[in-house]
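Everything in the sequence shown is counted per the numbering used here, starting at 9 for the first residue and increasing by one.
Here a beta-carbon is modelled for each residue, glycine too, at the ideal position from N, C-alpha and C.
If you're wondering where the values come from, they're calculated on a predicted model, not measured in any experiment.
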Amino acid sequence: MPFARSTTAPAFRDAWAWLGKEAERFREEVRDLPPSPRATRTGLQAELQARFDLEGGGELAHVVPGVARLLREGSVHVTSPRYLGLFNPTVLEAGILGDVLAALYNLQLAAWSHAPAATEMERAVLDRLRDALGLPAQDSQANFTTGGNEANLSGVLAALAHRFPGWRVRGIRALPARPALYLSGEAHHSMAKVVRMTGLGTESLRPVPVGQDFAMDVESLHRMIREDLRDGWSPFMVVATAGTTGTGAVDPLREVADVASSHGLWLHVDAAWGGAAVLSPTLKPLLAGIEKADSVTWDAHKWLAVPMGAGMFFCRHRDAVVRAFSVSTGYMPPDATDGIPDAYVSTPQWSRRAIGLKLFMAMAHLGEVGYARLIEAQAAMGERLRELLLREGWLVLNDTRLPVVCFTHERIRQKGTDPDRVLEALYRRGKVWISAVTLPTGERALRACVTSYLTDEKDLRVLLDELDEVLHELRPS
Ligand SMILES: *Cc1c(COP(=O)(O)O)cnc(C)c1O
Numbered sequence: 009m010p011f012a013r014s015t016t017a018p019a020f021r022d023a024w025a026w027l028g029k030e031a032e033r034f035r036e037e038v039r040d041l042p043p044s045p046r047a048t049r050t051g052l053q054a055e056l057q058a059r060f061d062l063e064g065g066g067e068l069a070h071v072v073p074g075v076a077r078l079l080r081e082g083s084v085h086v087t088s089p090r091y092l093g094l095f096n097p098t099v100l101e102a103g104i105l106g107d108v109l110a111a112l113y114n115l116q117l118a119a120w121s122h123a124p125a126a127t128e129m130e131r132a133v134l135d136r137l138r139d140a141l142g143l144p145a146q147d148s149q150a151n152f153t154t155g156g157n158e159a160n161l162s163g164v165l166a167a168l169a170h171r172f173p174g175w176r177v178r179g180i181r182a183l184p185a186r187p188a189l190y191l192s193g194e195a196h197h198s199m200a201k202v203v204r205m206t207g208l209g210t211e212s213l214r215p216v217p218v219g220q221d222f223a224m225d226v227e228s229l230h231r232m233i234r235e236d237l238r239d240g241w242s243p244f245m246v247v248a249t250a251g252t253t254g255t256g257a258v259d260p261l262r263e264v265a266d267v268a269s270s271h272g273l274w275l276h277v278d279a280a281w282g283g284a285a286v287l288s289p290t291l292k293p294l295l296a297g298i299e300k301a302d303s304v305t306w307d308a309h310k311w312l313a314v315p316m317g318a319g320m321f322f323c324r325h326r327d328a329v330v331r332a333f334s335v336s337t338g339y340m341p342p343d344a345t346d347g348i349p350d351a352y353v354s355t356p357q358w359s360r361r362a363i364g365l366k367l368f369m370a371m372a373h374l375g376e377v378g379y380a381r382l383i384e385a386q387a388a389m390g391e392r393l394r395e396l397l398l399r400e401g402w403l404v405l406n407d408t409r410l411p412v413v414c415f416t417h418e419r420i421r422q423k424g425t426d427p428d429r430v431l432e433a434l435y436r437r438g439k440v441w442i443s444a445v446t447l448p449t450g451e452r453a454l455r456a457c458v459t460s461y462l463t464d465e466k467d468l469r470v471l472l473d474e475l476d477e478v479l480h481e482l483r484p485s
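Quick look at the structure:
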């Protein structure tokens, strides 16, 4: 007997219809929803208990709206144009629909032969983006990842496979000396996890000081490599960041590439957020030098505005990627098509969702031309925010053309007010969402990042008015 086939069909249809309406409603209402949740743990647990029967189950007609309501009330609404927080975007409609199709067909992208159409769609979009980065088509390899974390992991594994021939069999015991990996003090902390996952240990991370622009100081990089060589370390890799999480700083990629190549080190560029700048003719020069990278991390679920999780890993050396990830099994299909290895032999994943389908659909809808406009419009909103803050007496503490602004106020500085208190007050008021960051100078600052392509002047006005109110609230009465 098939399991409950005929009874689920109409319920499924009704749930879809409900969801279609909710999609429309939510997209319209999200701007005015409180961006931060008022939920508490005990409250949520009580609601889950009361509303859902995890033992006996319930009707879809009840489960779907019930879950949606709780998600609406109990989430930070990162798709709101008034969420100016971490790099979580308002998602493009085409991207949402792409994720729905991936789930509907439950596409399995471990091997080309199981999902030829979706795999070719992924490759078509990766090829274009590889060209935009300026990496060569010949002998290079690109794959979708769950996010930047997995792409950074892939970069380190490919570098190890490339640099140390015995690594594949003997692991880090094959390394001749203590391995050293250079990155700026502002690099993403996923690298700390990566060096633990790869068995290198956090000691292998050699943080290079940053200059006043919060970008890697190349003189220091050069000096540290020379000193480490003298002291018997084995330098093998530099990770440059193109668009740091805290302040949007871009390490000087050309100079870093020159230093890396003069010592034979692998250059990985972590452009998880900032990579999108290469699609804009006006912003692309900021990332000049990225074409010299051995490997690149670029997240589609950040500035390319598709749903999580969608990262990308690009590598100039296909052979290194294959050395890092290939296996042979008796139960999988042949592992390459036209010389391009399947995902299960060229990525850390095995079973693999059609991660790139949503990006293919977003590209097929907007085109690279539309993406260029989206990115430039968002950067322009960042500029506008910087202007407005300065005009209204705030102090802007970072300098970048990417749309992330770190700022404070004389009154916050003078009173020694913790910017986190400003945040608490903003969250309590519930109209906008920004974050805070500790700058390389040690100062704690407020941080607003335009992560939504829908953020407009009115939303910036709301942010400024809220900041103004909070600043007054914090005044001694
Ligand atoms: C977001 C980010 C990461 C981590 O990527 P996930 O997609 O969150 O795994 C790594 N590096 C930088 C520079 C980032 O902005």
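Spanning the alpha carbons of A285 and H230 requires a straight line of approximately 27 Å.
In the structure shown, the three-state DSSP call for M224 is strand. The beta carbon of A257 sits no closer than 6 Å to any heavy atom of ligand 1.
Rounded to the nearest angstrom, the gap between the Cα atoms of V71 and P18 is 15 Å. Using a Cβ-Cβ distance cut-off of 8 Å, the stretch 85 to 92 and the stretch 438 to 452 are in contact, since at least three pairs of beta carbons, one from each stretch, lie closer than that value. Put simply, the backbone Cα of R77 is about 10 Å away from that of S83. Assignment of T446 by DSSP, reduced to helix, strand and coil, places it in the strand class. In the DSSP assignment, V71 falls within the unbroken alpha helix (DSSP H) covering L68 to E81. When Cβ pairs closer than 8 Å are counted between the two stretches, the stretch 306 to 325 is seen to touch the stretch 151 to 162, the count reaching three or more. DSSP places M340 in the coil class of the three-state scheme, outside both helix and strand. Secondary structure at Y91: strand, using DSSP grouped into helix, strand and coil. Shown here for L295: same chain residues with a beta carbon closer than 6 Å to its own, the five before and five after excluded, namely A250, A285 and V286 in chain order.
Rounded to the nearest whole angstrom, the C-alpha separation of Q116 and L62 is 28 Å. Residue environment for G163: buried (at least 16 other C-beta atoms within 10 angstroms of its C-beta).
Rounded to the nearest angstrom, the gap between the Cα atoms of G378 and V304 is 23 Å. Apart from sequence neighbours up to five positions away, the residues of its chain that approach E299 with a beta-carbon distance below 7 Å are L141, G142 and L143, ordered along the chain. Taken through DSSP and simplified to helix, strand or coil, P411 comes out as coil.
By the Cβ criterion, the stretch 401 to 417 is in contact with the stretch 246 to 261, since at least three pairs of Cβ atoms, one from each stretch, lie closer than 8 Å. Its chain contains R136 and L287 as the residues whose beta carbon lies nearer than 7 Å to that of E376, once the 5 sequence neighbours on both sides are disregarded; these appear in chain order.
Remark: the shortest separation between the CB of W281 and any heavy atom of ligand 1 falls under 6 Å.
For T253, the CB falls within less than 6 Å of some heavy atom of ligand 1.
A distance criterion of 6 Å places the beta-carbon of H276 beyond contact range of ligand 1, judged by its closest non-hydrogen atom. Of the heavy atoms belonging to ligand 1, none sits nearer than 6 Å to the Cβ of G93.
In the structure shown, W358 adopts coil according to DSSP, grouped into three states. For the 7 Å CB-CB criterion, S242 and A185 form a contact. The stretch 103 to 115 and the stretch 53 to 62 do not touch, with fewer than three beta-carbon pairs separated by less than 8 Å. For W441, no alpha helix (DSSP H) run applies, since DSSP gives it neither H nor E. A distance of 7 Å or more separates the beta carbons of V108 and L161. One alpha carbon belongs to F172, the other to L273, and they sit about 12 Å apart.
As computed with DSSP, W274 is found in a beta bridge with M245.
Judged by the Cβ position, N157 qualifies as a neighbour of ligand 1 at the 6 Å threshold, a heavy atom of the ligand being closer than this. The alpha-carbon separation between G438 and P43 amounts to approximately 6 Å. When C-beta atoms of the stretch 188 to 196 are compared with those of the stretch 207 to 222, three or more pairs fall below 8 Å, so the two segments count as touching. In this chain, the beta strand (DSSP E) harbouring V216 covers L213 to V216. Under DSSP, the beta-bridge partners assigned to M320 are F152 and W306.
Of all alpha-carbon atoms in E36, R421 and V470, the one lying nearest the alpha-carbon of L454 is that of R421.
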